[in-house]
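Notes for the one structure printed next.
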Amino acid sequence: MIQWVKNLLELQEVDMRIKSLEQRLALIPGEVASRQTEKKSALEILKNKREELNKNSMSIKQVESAIKQKLDNINRLQSQSAMVKKNNEYQALMKEIEELQSGIGDLETRQLELMDKVQEDDDRYKEFEKQYKAQESSIDEELQELNGLTGEIKDKIAELQSSRAPLTKKLEPEILNIYTRLLQKPGQPLVSVVNGDCCGHCHMKLIPQTMHNAQKGAVTLCDQCAHMLYTTG
Ligand SMILES: [Zn+2]
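Per our numbering, the sequence shown starts with residue 55, numbered consecutively.
Written out as structure tokens, the structure is:
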């Protein structure tokens, strides 16, 4: 193989690895953002559960205040009853007090039912919380891995960058210029001729003059895509 081709292929191999690492690196911020969104919405779901489950606690408070109101009424009626002279008025007050007491009994039953529900709610919430914590720690683990990966890739790129410098010195500036320009484009800058007389990059058939130059080992560009060509034969 022609020396410049050999040297350039060596450089190209390093650059292709750098390129693919850079592509991987570019995907990481999006992956991090999506994990963070996932974590945020999981927390949102947990908060909503808490609010939903707080409803029974709120109802207990309402029942308690209704009981207190009835007790206040009873106290008030009892003070009144001490001053009532007529028996029928007294009986009416007693009846009213009795009704209030029976109302309190109903409310207390309701209070107990709600307390059971709150207990169930708490148990359910704990279950949700457990699920959330598991999800959260798995996401955190992934985020940490992505963070580690970022570092690893950057180190690897730096290592490859420093190994490419001596390789560029082996090449003539003219070749290096063409190569560097092509490196900004997709695909490999230097490709072999394939299927006898086709460009290994764009796969178009090469004209005889181009084929001739490539076979001679001269710096040759594809007639169509301008990628650098070499023959393996
Ligand atoms: Zn081509």
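A virtual CB, placed ideally from N, CA and C, is assigned to each residue, including glycine. Here the structure is a predicted model, which is why all the values come from computation and not from measurement.
Check, Outcome
"C-alpha gap between Val-273 and Ser-192, whole angstroms", "54 Å"
"Gln-278: CB within 7 Å of a non-hydrogen atom of ligand 1", "yes"
"Given Lys-208 as reference, the closest of Gln-57, Leu-79 and Met-70 once Cα atoms are compared", "Leu-79"
"Own chain, CB closer than 7 Å to Ile-252, minus 5 neighbours either side, in chain order", "Per the sequence shown, the amino acid found at residue 252 is Cys instead of Ile. So the list reads Met-258, Lys-259 and Leu-260, once near-sequence residues are dropped."
"Beta-carbon spacing of Ser-113, Leu-161 below 8 Å", "no"
"Cβ contact (3+ pairs, closer than 8 Å) linking the region 80-96 and the region 147-164", "no"
"Candidates Ser-217, Lys-180, Gly-271 and Leu-275: closest to Gln-66 by CA position", "Ser-217"
"Touch test, the region 238-249 against the region 199-214, Cβ-Cβ under 8 Å, three pairs minimum", "no"
"Top-ranked residue by Cα proximity to Glu-64, from Ile-232, Lys-239 and Pro-220", "Pro-220"
"Contact test: His-266 Cβ vs ligand 1 heavy atom, cutoff 7 Å", "no"
"Asp-194 burial status per 10 Å Cβ neighbour count (16 or more: buried)", "exposed"
"Segment contact, 8 Å Cβ cut-off, at least three pairs: the region 119-133 with the region 145-157", "yes"
"Buried or exposed (CB count within 10 angstroms, at least 16 for buried), Ala-136", "exposed"
"Burial state of Pro-243 (16 or more Cβ within 10 Å)", "buried"
"Assigned secondary structure, Met-70 (DSSP; H/G/I helix, E/B strand, else coil)", "helix"
"Spatial neighbours of Gln-269 in its chain, beta-carbon cut-off 6 Å, leaving aside the 5 residues before and after", "Thr-285"
"Cβ pair Tyr-179, Lys-94 closer than 8 Å", "no"
"Per DSSP, cross-strand counterpart(s) of Ser-246", "Tyr-284"
"Length at least 4, wholly inside the region 182-270: the alpha helix (DSSP H) runs in chain order", "227-237 and 262-270"
"Inter-residue Cα distance where the pair is Val-117 and Leu-154", "14 Å"
"Closest by C-alpha distance to Asn-127, when choosing among Gly-157, Asn-110, Leu-100 and Glu-106", "Gly-157"
"8 Å Cβ cutoff met for Val-68 and Leu-214", "yes"
"Residue from Asn-61, Thr-204, Lys-140 and Val-172 with nearest C-alpha to Glu-76", "Thr-204"
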